[in-house]
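Report on one structure; see the data block that follows.
Residue numbers (the working numbering): 398 to 503.
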């Protein structure tokens, strides 16, 4: 799935309960490759950013942010059902440039 990655942040801390070092990468993205207006059937509008984590080794796969990326997922079975977790990302293109505003139609 293509997505607009808005922000990434590496983290590293020691888990006080297990005394284990925890490292990873927080990834915030919009699950879309365009910012066209969006209205869902339930009345919600726009895009809600998603936050997921990746292995810290994936950091170098994000040469530019914000940008469009192809995101790859894997499926996990949990007590609440089957969910998809972010597995990796592949850089597609930058979003750069000036934001163009469209005037509201009369």
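Glycine included, each C-beta is placed from N, C-alpha and C at the ideal position.
All values derive from a computational prediction rather than experimental measurement.
When the five nearest sequence neighbours on each side are left out, the beta carbons in the same chain lying within less than 6 Å of the beta carbon of residue 491 are those of 461, 464, in order along the chain.
Distances from the CA of residue 489 to each of 452, 429, 440 were compared; the closest alpha carbon is that of 429.
Under the three-state reduction of DSSP, residue 458 is assigned to helix.
Between residue 407 and residue 456, the CB-CB gap stays under 7 Å. For residue 417, the enclosing beta strand (DSSP E) covers residues 417-427.
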